[in-house]
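Visitor: Which chain is which? The protein sequence lines are A and B, in order.
Going by the numbering used here, the first residue of the first sequence is number 3, and it counts up by one from there.
Going by the numbering used here, the first residue of the second sequence is number 3, and it counts up by one from there.
Even for Gly, the Cβ is constructed at its ideal location relative to N, Cα and C.
2 protein chains.
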Amino acid sequence: MSTGQDYTDARPLQVRMADDLRRKIETGELGQGAQLPTYDDLAREYLCSLAVARKAVDLLRQQGLVITKQGLGSFVRERSAMVRHGVERYARHHWKGIEPATILGAEATNQGRKATRIIRGLGVTPAPALVAERLGIAEGTDVWARKRTTFLDGRPNQLADSYYPLAIAQGTPLMEEETGPGGDFARLDEAGHSPTRIREEWHARMPSGPERAALRLPDGTPVIDFIRTIIDQSGEPVEVMLSVIAGDTTSFIYEFPVPD
Amino acid sequence: MSTGQDYTDARPLQVRMADDLRRKIETGELGQGAQLPTYDDLAREYLCSLAVARKAVDLLRQQGLVITKQGLGSFVRERSAMVRHGVERYARHHWKGIEPATILGAEATNQGRKATRIIRGLGVTPAPALVAERLGIAEGTDVWARKRTTFLDGRPNQLADSYYPLAIAQGTPLMEEETGPGGDFARLDEAGHSPTRIREEWHARMPSGPERAALRLPDGTPVIDFIRTIIDQSGEPVEVMLSVIAGDTTSFIYEFPVPD
DNA sequence: TAGTGGTCTAGACCACTAG
DNA sequence: TAGTGGTCTAGACCACTAT
Numbered sequence: 003m004s005t006g007q008d009y010t011d012a013r014p015l016q017v018r019m020a021d022d023l024r025r026k027i028e029t030g031e032l033g034q035g036a037q038l039p040t041y042d043d044l045a046r047e048y049l050c051s052l053a054v055a056r057k058a059v060d061l062l063r064q065q066g067l068v069i070t071k072q073g074l075g076s077f078v079r080e081r082s083a084m085v086r087h088g089v090e091r092y093a094r095h096h097w098k099g100i101e102p103a104t105i106l107g108a109e110a111t112n113q114g115r116k117a118t119r120i121i122r123g124l125g126v127t128p129a130p131a132l133v134a135e136r137l138g139i140a141e142g143t144d145v146w147a148r149k150r151t152t153f154l155d156g157r158p159n160q161l162a163d164s165y166y167p168l169a170i171a172q173g174t175p176l177m178e179e180e181t182g183p184g185g186d187f188a189r190l191d192e193a194g195h196s197p198t199r200i201r202e203e204w205h206a207r208m209p210s211g212p213e214r215a216a217l218r219l220p221d222g223t224p225v226i227d228f229i230r231t232i233i234d235q236s237g238e239p240v241e242v243m244l245s246v247i248a249g250d251t252t253s254f255i256y257e258f259p260v261p262d
Numbered sequence: 003m004s005t006g007q008d009y010t011d012a013r014p015l016q017v018r019m020a021d022d023l024r025r026k027i028e029t030g031e032l033g034q035g036a037q038l039p040t041y042d043d044l045a046r047e048y049l050c051s052l053a054v055a056r057k058a059v060d061l062l063r064q065q066g067l068v069i070t071k072q073g074l075g076s077f078v079r080e081r082s083a084m085v086r087h088g089v090e091r092y093a094r095h096h097w098k099g100i101e102p103a104t105i106l107g108a109e110a111t112n113q114g115r116k117a118t119r120i121i122r123g124l125g126v127t128p129a130p131a132l133v134a135e136r137l138g139i140a141e142g143t144d145v146w147a148r149k150r151t152t153f154l155d156g157r158p159n160q161l162a163d164s165y166y167p168l169a170i171a172q173g174t175p176l177m178e179e180e181t182g183p184g185g186d187f188a189r190l191d192e193a194g195h196s197p198t199r200i201r202e203e204w205h206a207r208m209p210s211g212p213e214r215a216a217l218r219l220p221d222g223t224p225v226i227d228f229i230r231t232i233i234d235q236s237g238e239p240v241e242v243m244l245s246v247i248a249g250d251t252t253s254f255i256y257e258f259p260v261p262d
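1) Quick check on T252 (chain A): does DSSP put it in helix, strand or coil?
2) Within the segment 25-102 of chain B, note down every full beta strand (DSSP E) run reaching 3 residues or more, in order along the chain.
3) In terms of residues, what are the limits of the beta strand (DSSP E) holding L161 (chain B)?
4) Please classify Y9 (chain A): does DSSP put it in a helix, a strand, or coil?
5) Listing by chain order, which chain B residues have their CB less than 8 Å from the CB of R24 (chain A)?
6) Can you tell which of B:S236, B:R18, B:E213 and B:V17 has the C-alpha that lies nearest to the C-alpha of T223 (chain B)?
7) What is the rounded straight-line gap between the Cα of R79 (chain A) and the Cα of R189 (chain B)?
8) I need the boundaries of the beta strand (DSSP E) containing V126 (chain B), first residue and last residue.
9) Rounded C-beta distance between L161 (chain A) and S245 (chain A)? I'm assuming under 8 Å.
10) Determine the DSSP secondary structure at D186 (chain B), reduced to helix, strand or coil.
11) Using a C-beta cutoff of 7 Å, does V246 (chain B) count as contacting chain A?
12) Which residue comes first and which comes last in the alpha helix (DSSP H) that contains L320 (chain B)?
13) Using a Cβ-Cβ distance cut-off of 7 Å, determine whether A93 (chain B) contacts chain A.
14) Shorter than 7 Å from the beta carbon of Y166 (chain A) to some beta carbon of chain B?
15) Mind checking the segment 103-116 of chain A against chain B and listing, in chain order, the residues whose C-beta falls within less than 8 Å of any C-beta there?
16) Under a CB-based cut-off of 7 Å, is A1 (chain A) close to chain B?
17) Note down the Cα distance separating L61 (chain B) from Q16 (chain A), rounded to an integer number of angstroms.
18) Does the Cβ-Cβ distance between A110 (chain A) and H96 (chain A) come in under 7 Å?
19) Taking the alpha carbon of I121 (chain B) as the point to measure from, which residue in B:L52, B:I100, B:E178 and B:G73 has its own alpha carbon closest?
20) If contact means a Cβ-Cβ distance below 7 Å, which residues of the segment 174-204 of chain A contact chain B?
21) Taking the continuous beta strand (DSSP E) assigned at R207 (chain B), which residues delimit it?
22) Going by DSSP, what residue range makes up the alpha helix (DSSP H) through A134 (chain A)?
23) Let me confirm a value: L219 (chain A) is counted as buried when at least 16 other C-beta atoms fall within 10 Å, else exposed. Which label applies?
24) Within the continuous alpha helix (DSSP H) that includes R150 (chain A), where are the two ends?
25) Relative to the C-alpha of D227 (chain B), which candidate in A:L124, A:R119 and A:H205 has its C-alpha closest?
26) Can you tell me whether E241 (chain A) is helix, strand or coil according to DSSP?
27) Using beta carbons (cut-off 7 Å, strictly below), is D262 (chain A) in contact with chain B?
28) Among residues of its own chain, excluding the 5 on either side of G237 (chain B), which ones have a beta-carbon nearer than 6 Å to its beta-carbon?
29) Which of helix, strand or coil does DSSP assign to R230 (chain B)?
30) List the whole-angstrom C-beta distance separating T118 (chain A) from F153 (chain A), where the pair is believed to meet the contact cut-off of C-beta under 8 Å.
31) Based on DSSP bridge pairs, tell me the residues matched to E257 (chain A).
32) At a Cβ cut of 8 Å, what residues of the segment 230-255 of chain A count as close to chain B, listed as they run along the chain?
33) Would you grab the beta carbon distance between I200 (chain A) and R230 (chain A) for me? Rounded to a whole angstrom, and I think it's under 8 Å.
34) Thinking C-beta only, is L168 (chain B) closer than 7 Å to D330 (chain B)?
As structure tokens, then:
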């Protein structure tokens, strides 16, 4: 066969084609950004129908290796620059220092990126179950919600919804669009609830259709379901953030002592 | 139209069908494990070809919402039980206590799961770049590698490759198949390199074909690329573990104080 | 306009499962 | 055996991009 395939290989043709292409990508024969053969070329080369050639490329798209552009072609996906989220991003001096900034803003700047954000919603809402559990209140209790989308260098990378007990947010800039220098951490601190401990819980999953659209995710890109709880000096949970984070532009680093 | 679709909806039919099905899953009309309509049913209902019905279900598979079983049907995917990895799993008393166990073993037992593992490889190997950087040695320097696959309740959930500087592993049970009670943490401790700090770095991505096969991952399941560095009492890195973790059975929890 | 990927049809035949 | 999903063919036509 012209492809050099072992004819005893019983795998479906579309899988063999995908593996051949994947090998070329991994060896660098097809470098980042390089154009793949067109569907027509693949169909000719492998003596198959267009549908099969398409399916082969689809398999690679689902692995996040390839992107397709209508009218242009299929291309080896380029690795996105990642923001690294470290424990250090929460350090007091970032939000309580000489020139206090938001957590994300300071971190992005440190890594040469630009963070922006829009407010998607602001108001009283019944606490979702995940929030209620962590705030120690009944599901459906009214809480203050602050929903926003954050962007890195113009690309959306996070759908972040923060929830505060009403008694804590009441009368503070947490209820405003702009929370001011130091962001929510500084405002909680001023309100007598100094952020003292952080709990982060997460797992990875594939995005739903609407999430893919909202985060403008390429094919084959997972998201992180992320829950952050801020705990104050008396051990009280004062904010729960539910966040969906674009998986291709985000990495995390934790460093901590071995517990006893 | 029989489906109640707005005829001005310009989205492709396959997408509308997928969204209809997704809505039924999210509202619970199609509960976990419930069978979806067959491709034939869908094609009849939406007056489309089988290929389009198939594509609609494919979209949901890629989101991890649906699994298909040849000869049986398509089903709403059931949420897998997750192991929660917390900072506490590294606690000294787990590997240095009365009845020392492996980190993973102790954690699984606590959560009512059963952890097993096989050794995939054991021997001297040139250090990969990711390892060399973190051990502070030149890429390609010989190190001791210990590659294993871990299982939870019989399902593979992690491809974990640990690398040790030769001088540290030499003459210790780290070179054996069985590292004994307390695992590698206890052996490092005995060798004068007490695990003192942990650094964990990770991001999410889609698995390659071989990884999907090795971890027996359903469609639409991401993996976590996970790098763990163990640092001893003098600040020296003594082990780097490169791991690929099944995303659908793993969640993480970190809790830590806000740094100054 | 030519060339690319995207959607869709109308089939054929194979592989697997349950009864 | 009947019914399901999986692979594949051989087209048609649309949407988008570059020139």
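Guide: A quick look at the data gives this:
1) strand
2) 68-71, 75-78 and 85-88
3) R157 to P167
4) For Y9 (chain A), the predicted structure reports a pLDDT of 44, less than 50, and the residue's modelled location is therefore unreliable. A value from the coordinates is still provided. Reduced to three states, the DSSP call for Y9 (chain A) is coil.
5) S210 and G211
6) B:E213
7) 43 Å
8) A117 to P128
9) 7 Å
10) helix
11) no
12) Any property of residue 320 (chain B) remains undetermined from this structure, which presents chain B solely from 3 to 262.
13) yes
14) no
15) none
16) Nothing can be reported for residue 1 (chain A), as the shown portion of chain A is limited to 3 through 262.
17) 18 Å
18) no
19) B:E178
20) P197, T198, R199, I200, R201, E202, E203 and W204
21) R199 to R207
22) A131 to L137
23) buried
24) Counting along the chain, R150 (chain A) falls outside any alpha helix (DSSP H), though it belongs to the beta strand (DSSP E) covering D144 to L154.
25) A:H205
26) strand
27) yes
28) none
29) strand
30) 5 Å
31) B:R201
32) G249, D250, T252, S253, F254 and I255
33) 7 Å
34) Since the first residue shown for chain B is 3 and the last is 262, residue 330 (chain B) is missing from the structure and cannot be characterised.
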